[in-house]
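Residue numbers (the numbering used here), protein chains in the order written: chain A, 1 to 323; chain B, 1 to 323.
Ideal placement from N, C-alpha and C gives every residue a C-beta, glycine not left out.
This one's a predicted model, so the numbers in the text were calculated from it and none came from an experiment.
Reviewing the structure listed below.
Okay, structure coming up:
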C-alpha cells in the first residue's frame, strides 16, 4: 500500500469527525483549527506503527485522529499563551475570535480528543488512556518549561533538551506506542517504537531551530532569524553561549538584549557569531546523533523490514525538509 | 454512618491526590485552587448515590474526587474568562499568577480529572468515561452560552434555563449517575438519580440568583445586587423583563444601561421594580417546582428510604442556605 493511501484514510477520518454544533461559537473554532491542515504526521505514525503488526489499519484511524485533535488543542492554547497572530499562515483562533473562545474551544477539544480513544477494544482502553493522559500532562509540562525559559538567563542544554522532549517529542512517542499497543505488540517493541518517536521528535525540533537561521527563507514561509529576533533560547543560541569565549558571549548578550532599528542587521550579527563558533555543524551533528539513535530503536522492532521502511522514510523526510 | 464521615473520607481522598511536582509553576496553582476549599457537594453526591446501592463507598472516592477536580478546573478557566479577581475570598489563579498559568494548569487539571476515573472497575470504565466526557462538553457549552448572553438583549427564560442546566446542573446529574453506575444500579435508577441532580442543580442556580438580590449580605460574603450592577441576565431580570409593562421595561433597561456614581441607588431602584413585579415570589415558586420534581425522581429510586434521606437532606440544605 503506498503511503498516500494511509494519508488519505487519515484525511477522510478527520473529515468525518462530528465535534458538535451548538453553540456554534464553541465548535466552529475547532473545525477552523482542524481545517488549517498540516502534515498529519502524528496520526500517520500511529497508523504506520500499527501496520507493522497488523494488515488492517482501519480500526486505529479514530484513535490516530485523537492524537491529531489533541495536537491541535495544544496549538490552540499555545497560540494564546504565545500571543501568536498566525498559524499555518492563517489567523490564530484567539485573533479571529478572542482569547476566551480559544480557551473554551480548546478545552472541549481536549475532551473530544479523549472521546476519540473510547472506541478502542476494551482490553486496550485502560492502557491507552493512561499512556495518553501521561503524555498530555507531559506536553503541558513542556509548554510550562518553555514559558519559564523566556525569563531565565541560565538555561542549560540538558534543560533545553528536556523541554523539547516534553513539549514535542513525547507526543510522537505516544503516537507510535499507541499504534503498537493496538497492534498487540510486545512490551519491547512498544518501547522501541516510543523511543524511535522521542528521538525523532528531538531531532525534528533541533532541525526546526536550525532552519530558523539556516533554512531556505522562501520555502520556510517565515522570517529568517525569527528566533534570534525574539531572543528565543534555541539549541543554537545555547550552544553558542556555552562555546563562546568571554568576548563573544558578551557580544551575543548585547545583541540579544538590543532593540534594533534594522532587524536584518541583528540576525546577521548573531549569525556571524554562530558561524564563527561552528554552531551549524554542531547542531547538525547532534541532529544526526539523535536520528541515528532513533533508527537503531526502529531496527530492533520485530516487524517486516519493508513495513518498517515506511517509518524510516517518514522520519527521513522530517530530517531532510528545508522548510 | 453520619454524613460527616462521608465528607471526611472525601476530604482525606482529596488531600492524598498527587497532581505532579515539576515544573512547580504548573502544579502549584492546582494545589492552591483545590486547597481553597468549598463544600465538596459534587463528590458527596457521588458517594451518597453509591451508598444507596452498596455499603462500601471507599472504591468510589477516587472517581468522586475526579468530579471535584473537574469542577475546579472549570472554575479556574471560567475565572480567566470572567476576569474574576476573587474565588472563595482569595485571589484567583490568573490574578495570583497570570492568565497563561491559569490556562495551562487548568489544562493539566482536566487531564488529572480524567486520570482519577481510570481506577474504576474495567467493566464500568467505558460508560463512566463516555458520561463524563459528554458532561464535560456540556459544561463548556453552558459556559459559552453564558458568555454569549452577555452581549445579547433577547435572552428568553427557556434559553436561560438551558444555559444553567448545561453550565451547572448536568455536573450534579453526572456526579449522582456516576455513583449509581459504580453501584451497579439499574438504568432506571441511574436516570432518576441523574434527573434528581439536574433538577436540584437548576433550583440551586435559581436560588443563587435570588440570594444575590435578596440574600443576607453579611452571610453571603458578596456585594448585594452584584448581578444587577454587572447587568447579568439572571432569572430575576429575565422574569422582570418578561412581566413588566412598557413603562417598567424601559425603566429597567435605563437603569441597567446606566453607569452610576452610587451603586446602592441602582440596586435599590432595580430591586424596587422586582418587588413591584413580585419577582421574588415568582422565583421562589419556580425553585420549589424544580425542587419538588427533583424529590419525585429521588422517590422513584429503588433504594432504602433511610439512605435516600442523606440525599434529600443534602438537597434541602442547598435550598435552605441563605448565603
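When the beta-carbon positions are compared, residue 108/B and residue 137/A come within less than 8 Å of each other. According to the DSSP assignment, residue 235/B belongs to the alpha helix (DSSP H) that extends over 235–243. 272/B is the residue among 272/B, 195/B, 247/B, 245/B whose C-alpha sits nearest the C-alpha of residue 214/B. Listed in chain order, the positions of the segment 117–149 of chain A with a beta carbon within less than 7 Å of a beta carbon of chain B are 118, 122, 125, 126, 129, 130, 133, 136, 137, 140, 141, 143, 144, 145, 147, 148. For residue 41/A, the uninterrupted alpha helix (DSSP H) run begins and ends at 41–51, by DSSP. Contiguous alpha helix (DSSP H) elements confined to the segment 16–92 of chain A occur at 24–35, 41–51, 61–81, taking only those with 4 or more residues. Rounded to whole angstroms, the separation of the alpha carbons of residue 51/B and residue 183/B is 8 Å. In the structure shown, the three-state DSSP call for residue 303/B is coil. Here DSSP, grouped into helix, strand and coil, assigns residue 170/B to helix. At a cut-off of 8 Å between beta-carbon atoms, residue 20/B makes contact with chain A. Flagged as an interface residue toward chain A: residue 111/B, by a C-beta distance shorter than 8 Å. Using a Cβ-Cβ cut-off of 8 Å, residue 10/B does not count as an interface residue toward chain A, since no Cβ of chain A sits closer than that to its own. Exclusion of the five residues before and after residue 199/B leaves 169, 290, 291, 293, 294, 297 as the residues of its chain whose Cβ lies within less than 8 Å of its Cβ. If you draw a straight line from the Cα of residue 10/A to the Cα of residue 61/A, it is about 6 Å long. Note on residue 139/B: 16 or more other CB atoms within 10 angstroms of its CB, so buried under the neighbour-count rule. Between residue 114/A and residue 133/B a beta carbon distance of about 6 Å is seen, short of the 8 Å cut, so the two are scored as contacting.
Non-local beta-carbon contacts of residue 77/A in its own chain, meaning distances under 6 Å to residues more than five positions away in sequence, involve 106 in chain order. For residue 283/B, the secondary structure class from DSSP, reduced to helix, strand or coil, is helix. Less than 8 Å divides the Cβ of residue 93/A from the Cβ of residue 101/A. Its chain contains 255 as the residues whose beta carbon lies nearer than 6 Å to that of residue 269/A, once the 5 sequence neighbours on both sides are disregarded; these appear in chain order. Going by C-alpha positions, residue 173/A is about 16 Å away from residue 74/A. In this structure, the beta-carbon distance from residue 15/A to residue 44/A does not fall below 8 Å. Within the same chain, and ignoring the five residues on either side of residue 185/B in sequence, the residues whose Cβ sits closer than 6 Å to its Cβ are 53. One finds 99, 100, 103 in chain A with Cβ atoms closer than 9 Å to the Cβ of residue 80/B, taken in chain order. Following the DSSP letters along the chain, one finds residue 200/A inside the alpha helix (DSSP H) bounded by residues 187–214. For residue 250/A, the enclosing alpha helix (DSSP H) covers residues 246–257.
For residue 156/A, the secondary structure class from DSSP, reduced to helix, strand or coil, is coil. The three-state secondary structure of residue 296/A, taken from DSSP, is helix.
Secondary structure note for residue 130/A: its alpha helix (DSSP H) is the uninterrupted segment 125–150. For residue 50/A, no chain B residue has a C-beta closer than 9 Å to its own C-beta; the minimum C-beta separation is roughly 21 Å. Listed along the chain, the chain B residues whose CB falls inside 8 Å of the CB of residue 55/A amount to none; the nearest CB is some 26 Å away. Residues of chain B with a Cβ closer than 8 Å to the Cβ of residue 26/A are, in chain order, 140, 141, 144. The DSSP-derived three-state label of residue 98/A is coil. Under a criterion of Cβ atoms nearer than 7 Å, no residue of chain A is adjacent to residue 85/B; the nearest Cβ is some 17 Å distant. Following the DSSP letters along the chain, one finds residue 227/B inside the alpha helix (DSSP H) bounded by residues 226–230.
Contact of residue 114/B with chain A by beta-carbon distance below 8 Å involves 114, 129, 133.
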